[in-house]
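Numbering (my numbering), first residue to last: 9 to 295. Ideal Cβ placement from N, Cα and C applies to all residues, glycine included. None of these values were measured; they are calculated from a predicted model. As structure tokens, the structure follows; a few thoughts come after it.
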């Protein structure tokens with residue numbers, strides 16, 4: 009009787025072990041398949057979302073990269089939870105544990121989290137957008153993307169710049185692309201013997217003839233300073249932001265040619281030197 013009971017217990021135990029191995033194998037294979045499918049789906053959905061947003065004109069360019077990243081990470085998180093649930097892990101208690109662990113990790117990586125917080129504030133406050141040219145922290149470039157940790161820029165000479173968001177948000181941001189118009193402002197010097205009003209008329213005529221210069225506000229050519237060797241005239245006008253550099257370079261060339269044609273001299277620096285002999289009054293010489 010005891011032998012039969014022992015045999016029955018061994019049979020039940022072996023059956024339980026066999027069931028455990030079979031179920032474990034099935035769960036393991038299913039978990040691997042879920043993980044592969046979820047990872048593939050995350051990449052596919054991110055690429056699909058990127059293509060959709062690229063064709064969407066009304067969606068803010070600044071939010072496109074972060075939206076794609078959030079979609080990908082959301083699918084990965086759901087996949088991991090599905091895998092754990094397959095093995096019988098209680099996801100509710102797991103989330104609580106992850107939250108507590110996240111708090112501890114967060115205290116250890118405050119610098120990285122400050123970049124995330126700064127990135128969120130940059131997306132909310134919008135001091136600049138993707139495509140704007142900014143100058144911050146001693147570096148300047150066109151914004152390519154605003155991520156959770158860094159902001160990517162490309163300098164005018166095509167150098168890639170990645171700057172931590174906390175450094176950008178905590179510094180002074182100069183945005184050259186934000187306003188629709190921008191003022192051109194440079195100085196040209198004329199000789200003291202030249203007629204100031206004639207030079208001003210020539211400079212204003214050049215600005216009025218340039219098609220990229222706006223009619224309002226009107227171009228100006230005031231006297232900026234009486235320099236050591238020249239009368240400095242300020243060349244000042246307003247253009248659309250996108251036309252700034254083309255108009256700036258063209259105006260400098262056109263002003264120089266127009267002043268030459270009008271007989272106005274752009275002088276070289278001069279200095280008056282007084283020579284004294286034997287302690288006397290001396291003579292003046294101009295160099």
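For residue i, the first and last residue of its enclosing beta strand (DSSP E)
i, result
"residue 265", "No beta strand (DSSP E) contains residue 265, which is instead part of the alpha helix (DSSP H) from 252-269."
"residue 187", "Unbroken run through residue 187: none, as it is neither H nor E."
"residue 154", "147-154"
"residue 6", "Residue 6 lies beyond the stretch modelled for the chain, which goes from 9 to 295, so this question has no answer here."
Identified DSSP bridge partners for residue i
i, result
"residue 131", "BP columns for residue 131 are empty, so no partner."
"residue 197", "240"
"residue 170", "160"
"residue 248", "189"
"residue 182", "143"
Alpha-carbon to alpha-carbon, residue j and residue i
i, j, result
"residue 254", "residue 246", "13 angstroms"
"residue 145", "residue 73", "23 angstroms"
"residue 83", "residue 45", "10 angstroms"
"residue 116", "residue 221", "Confidence at residue 116 is low in this model, with a pLDDT of 48, below 50, so its placement is unreliable and no value can be given for it."
"residue 229", "residue 223", "14 angstroms"
"residue 55", "residue 64", "14 angstroms"
"residue 89", "residue 81", "12 angstroms"
"residue 171", "residue 43", "34 angstroms"
"residue 168", "residue 153", "11 angstroms"
"residue 137", "residue 186", "9 angstroms"
"residue 8", "residue 149", "Within the shown structure, residues of the chain are numbered from 9 to 295, placing residue 8 beyond reach of any answer."
"residue 212", "residue 166", "36 angstroms"
"residue 218", "residue 77", "46 angstroms"
"residue 284", "residue 240", "32 angstroms"
"residue 206", "residue 178", "49 angstroms"
"residue 174", "residue 151", "16 angstroms"
"residue 256", "residue 128", "36 angstroms"
"residue 277", "residue 201", "14 angstroms"
"residue 86", "residue 47", "10 angstroms"
"residue 249", "residue 227", "16 angstroms"
"residue 231", "residue 182", "29 angstroms"
"residue 37", "residue 91", "10 angstroms"
"residue 131", "residue 164", "24 angstroms"
"residue 301", "residue 161", "Only positions 9 to 295 of the chain appear in this structure, which leaves residue 301 out of reach."
"residue 279", "residue 237", "7 angstroms"
"residue 272", "residue 157", "56 angstroms"
"residue 281", "residue 180", "46 angstroms"
"residue 40", "residue 61", "31 angstroms"
"residue 58", "residue 93", "30 angstroms"
"residue 269", "residue 139", "41 angstroms"
"residue 51", "residue 215", "54 angstroms"
"residue 260", "residue 135", "32 angstroms"
"residue 199", "residue 225", "28 angstroms"
"residue 188", "residue 49", "42 angstroms"
"residue 143", "residue 184", "8 angstroms"
"residue 155", "residue 121", "13 angstroms"
"residue 194", "residue 242", "6 angstroms"
"residue 133", "residue 147", "21 angstroms"
"residue 79", "residue 53", "7 angstroms"
"residue 203", "residue 235", "16 angstroms"
"residue 159", "residue 258", "33 angstroms"
Bounding residues of the alpha helix (DSSP H) (the contiguous stretch that carries residue i)
i, result
"residue 173", "173-177"
Cβ distance (whole Å) where residue i is taken to contact residue j below 8 angstroms
i, j, result
"residue 176", "residue 126", "7 angstroms"
"residue 274", "residue 267", "6 angstroms"
"residue 252", "residue 192", "7 angstroms"
"residue 196", "residue 124", "No, residue 196 and residue 124 are not in contact; Cβ-Cβ is about 50 angstroms, not under 8 angstroms."
Closer than 8 angstroms to chain B by CB, residue i
i, result
"residue 247", "Considering every chain present, this structure includes no chain B. It has just one protein chain."
Item to complete: For the region 211-237, list the beta strand (DSSP E) runs that are entirely contained and at least 3 residues long, ordered along the chain.
Response: 231-234
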